[in-house]
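With our numbering, letter number 467 in the sequence shown gets 1150, and the count goes up by one each step, no holes. What follows is one structure encoded as structure tokens, with my remarks underneath.
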Amino acid sequence: MSNQNFTWTNFYMALADRLLDYRENRNRLIHEITEAYASSGIKFPKLDSGNEIADIDPFTVFGLFNKGITPENRLKIITSLAKALSVDAEPPTNFEGIPTLNNLNATFYRFSSDPRRGEKDIENLWDLFTAGLELTESETASTREKFVQAYERTINLSGLKWKTFIGLYWARPFRFVSLDSRNRWFIGDMAAVGEEIAGLFPKERGPLITDGNEYLAICDEISKRLGTPECPFASFPELTNAAYLESERVNKERKAEEKASQSEAEQNALGDADVETVRYWVYSPGTQAEKWDEFYETRIMAISWKELGDLRAYPSKEDMRLKLVELDGGDSLQKNNAHAVWQFVNEIKPGDVVFVKQGRRKIVGRGVVKGDYEYDNSMPEFPNRRSVEWTHKCDLETEDDFAMKTLTEVTDYTDLIAKLNSYFSEEAEEAIEPQPVIDYPAYTEEDFLEEVFMSKQGYEELTGVLRKKKNIILQGAPGVGKTFIAKRLAYSMMGVKDIQRVKMAQFHQSYSYEDFVEGFRPSENGFELTRGAFYRFCKEAEADSENDYFFIIDEINRGNLSKIFGELFMLIENDKRGPKNKLELLYSRELFSVPSNLYIIGMMNTADRSLAMLDYALRRRFAFFEMKPGFQTEGFASYLDTLACPKLNNLVGCVAQLNEAISSDDALGEGFRIGHSYFCGFSESPSDQKLSSIVEYELIPMLKEYWFDDKSKTSEWAGKLRNAIK
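Take a look at the structure:
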């Protein structure tokens, strides 16, 4: 790329020359900058802790338009500054090859209220700026020494670090190479201009260069090689632009891969990532619900943020956040606002329930979302909207403290939802929108067998035992798919992925009867009786006796089971279910029974040495189903054939041999075998890096735990696993 493409360089160098004229008249410089912002129509950024700016350095002036703002706003600021400072150069037509700063860290000095700011910090920055321009103008031993001295007085200023090199590059882009993170990665880590330069250049996560002569040597060495086959770039701007483009390409590939992996993980985790459910939201229609009457009449919910335009234009939440930061002048991270706006356009869906709040404690309405996101620029203040069927309009003081955000999802707060719903009864209004009906996807035995590496006979045995016993524990070694199977088993027995009829809990050492069944919890007025997860789920199942319900307990042997189940030991037995077998609960004295349409699925890792076995009283009430590695199943063989990866096949074969060694070890046994799930979830042939990651970070650490007292055996099998993927 020719230097002619970097039109910004002439303007930046001319601005640097002009700034030097203001070194002894910085009050005037601050005044001109303030006026430039006023004429540009852009909010003045925060440049000090107070409203008044006492002093400023030249690098920070460059930073005003070299940060995370749109090209249009950058050009507005540049044009206004050029006019205010009488810069004799055309404003740039592009910004290629320019490293930028974080909006929240765009000054080169600490604020005046910060105790880390030194008395001469800004003066030292001016010294470095001046020395850099003089060195570029006249390369002599004297100017070089002056630069080195100024550099070494400045480089360790608090909060400065790598920004120093970006500032020098802005001022003289053909003399000073930027040591921003992209260049350090491209030149230092990736050796894009040769191994010799890579040896001199700092790495992305390497130490700061504090020696001025060392920095100048780096600039000189790279400058000598520009235009050579090893370094085919005509200038530092072209090199910096290449670093930016390559890092962007790599980052996009990495994000795409991470997104695909996350999508695969979600699909392969619990089996219900494809199920859409009703979500619940608390929403404020303007400050103190000032727009509520209007929105109620027009049957909409709307949010402002008009400066963002059509919210569908933002491909990611991060893009939206950066735009909000820019609009705010870089004074805050804007994470909460970006999250709320992103959810409004991308996550709310028809059928969701919205509770309308006023302030922190008042509820003024309820409704059901009916439409998708719309952008209506005819509504100047609230152009972002959705149609809503408002079912209630009220004025209820609550004891809850709602978040101060415009929009908050509360789906996971089941107690809060129950309380909010309790405010609205059918008697409150004549026309009440019924709870949205969800069409859950079907899930059959065939679907289960297609996803799970289990034979049809094994499935029939498993479901038969669970139907009869009502309580079952899936036990097995790590990676045999216990968690993967649990929800899928429930869905296959229900015939539908109805997530409302499946509840999951994880036991741990602190889990108690009070969490599981009922107990007293502190409240504003002392203590109140709170129902636990199992109690509430039993009541749901009892009220819907025609349908099956499944309560899944992960790591069931991690909890103190006698403490957790209490008097329910007897009630969970298959022949003690139903209203004829009630027992009095410990705290409430309520007569309670476990409904016959509720099934309990527990999961237990047999290879965890730290866990005690289940006590005998509870073991008698559960059936136990041994989950075995599925390497020999037809489904797994078909899966491997689909991937067509010889190295994966070799690794699976090696693990099968390893399992034989584990089974024959008297100290271990079959319960410690390695499961097939370590090799599942690939939609295409896995890369060498993925296979190596499985071996190094999942399998070998497990072997070290298994054979902690036999390092030779660990080393032997670690070597075999590594060789399998070579």
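Don't be surprised by glycine CBs; every beta carbon is placed ideally from N, CA and C.
Separation of residue j from residue i, as counted between CA atoms
i       : j       : result
Arg706  : Gly871  : 35 Å
Thr923  : Ser864  : 11 Å
Gly1402 : Arg1150 : 46 Å
Gln1140 : Tyr1232 : 24 Å
Gly992  : Val1052 : 22 Å
Arg962  : Lys974  : 23 Å
Glu735  : Lys935  : 41 Å
Lys846  : Leu784  : 8 Å
Phe1411 : Glu977  : Residue 1411 lies beyond the residue range present for the chain, which begins at 684 and ends at 1409; the question has no answer from this structure.
Met873  : Val933  : 12 Å
Lys938  : Ser999  : 12 Å
Asn693  : Pro915  : 22 Å
Leu884  : Leu747  : First, the residue type needs correcting, since residue 884 is Phe and not Leu in the sequence shown. Roughly 28 Å between the two C-alpha positions.
Ile752  : Gly780  : 16 Å
Leu1010 : Arg1004 : 10 Å
Ala1344 : Asp1393 : 14 Å
Leu712  : Thr743  : 12 Å
Glu1225 : Gly1242 : 26 Å
Ser1395 : Tyr898  : 49 Å
Thr1081 : Gly1358 : 51 Å
Leu787  : Ala719  : 21 Å
Ala828  : Arg858  : What sits at residue 828 in the sequence shown is Glu, not Ala. Cα to Cα, Glu828 sits roughly 16 Å from Arg858.
Gly1042 : Glu1223 : 33 Å
Phe1210 : Phe1203 : 6 Å
Gly815  : Glu715  : 24 Å
Arg1171 : Gly1261 : 26 Å
Tyr1096 : Arg757  : 44 Å
Ser841  : Leu891  : 13 Å
Ala1114 : Ser1070 : Confidence at Ala1114 is low in this model, with a pLDDT of 42, below 50, so the placement of that residue is unreliable and no value is reported for it.
Pro741  : Trp809  : 7 Å
Ile901  : Pro920  : 15 Å
For residue i, the first and last residue of its enclosing beta strand (DSSP E)
i       : result
Asn893  : The amino acid at residue 893 is misidentified as Asn; the sequence shows Thr. Segment: none, Thr893 is in no beta strand (DSSP E) and carries neither H nor E.
Trp1390 : Premise fails: Trp1390 is in no beta strand (DSSP E) and is neither H nor E.
Lys1186 : 1185 to 1189
Ile1155 : 1154 to 1159
Tyr966  : 963 to 966
Leu1090 : 1090 to 1092
Phe1131 : Run containing Phe1131: none in the beta strand (DSSP E); it sits in the alpha helix (DSSP H), 1128 to 1134.
Tyr1235 : It is Ile, not Tyr, that sits at residue 1235 in the sequence shown. First-last of the beta strand (DSSP E) with Ile1235: 1232 to 1237.
Phe1038 : 1036 to 1041
Asp1078 : 1067 to 1080
Lys1045 : 1045 to 1052
Alpha helix (DSSP H) segment containing residue i, residue limits
i       : result
Gln832  : 824 to 837
Met1253 : 1251 to 1254
Ile805  : 804 to 820
Thr911  : Note, Thr911: premise wrong, no alpha helix (DSSP H); not H, not E.
Whether residue i touches residue j by CB criterion (9 Å)
i       : j       : result
Lys1265 : Phe1275 : yes
Met1176 : Tyr1282 : yes
Met1310 : Ala1160 : yes
Ser861  : Ile849  : yes
Thr1094 : Ile1100 : yes
Val768  : Leu698  : Going by the sequence as given, residue 768 is Leu instead of Val. Their beta carbons are under 9 Å apart, which means Leu768 touches Leu698 by this criterion.
Ile1155 : Phe1308 : yes
Ala1201 : Ser1271 : First, the amino acid is wrong: residue 1201 is Glu here, not Ala. Their beta carbons are under 9 Å apart, which means Glu1201 touches Ser1271 by this criterion.
Tyr1361 : Glu1388 : no
Asn1342 : Arg1356 : yes
Phe1085 : Arg1049 : no
Trp853  : Phe745  : yes
Leu1331 : Ser1368 : yes
Ile1102 : Asp1078 : The sequence shown places Lys at residue 1102, rather than the Ile named in the question. No.
Tyr1056 : Arg982  : no
Ala1169 : Ile1031 : no
Ser918  : Leu909  : yes
Val1047 : Ala985  : no
Anticipated Cβ contact below 8 Å, residue i with residue j, distance rounded
i       : j       : result
Lys1039 : Tyr966  : One detail in the question is off: residue 1039 reads as Val in this sequence, not Lys. Val1039 to Tyr966, Cβ: 6 Å. Contact.
Phe1217 : Phe1234 : 6 Å
Val1135 : Gly1164 : 7 Å
Glu1267 : Arg1304 : Their Cβ separation, rounded to whole angstroms, is 20 Å, which puts Glu1267 and Arg1304 out of contact at 8 Å.
Cβ-heavy atom distance, residue i to the ligand FAD, below 8 Å
i       : result
Thr1213 : Judged by which ligands are present, the structure shown has none, so any question about the ligand FAD falls away.
If you scan the segment 972 to 1028 from start to end, which runs of the beta strand (DSSP E) of 3 or more residues do you find wholly inside it? Taken in chain order, the complete beta strand (DSSP E) segments of 3 or more residues contained in the segment 972 to 1028 are 983 to 986.
Which runs of the alpha helix (DSSP H), 4 residues or longer, sit entirely within the segment 1278 to 1317? The segment 1278 to 1317 contains these whole alpha helix (DSSP H) runs: 1299 to 1302.
Just to confirm the assignment: which complete alpha helix (DSSP H) runs, minimum length 4, are found wholly within the segment 1174 to 1229? Complete alpha helix (DSSP H) runs here, min 4: 1196 to 1199, 1216 to 1226.
Contiguous beta strand (DSSP E) assignments of at least 3 residues, all confined to the segment 704 to 789: Segments of the beta strand (DSSP E) lying fully in the segment 704 to 789: there are none.
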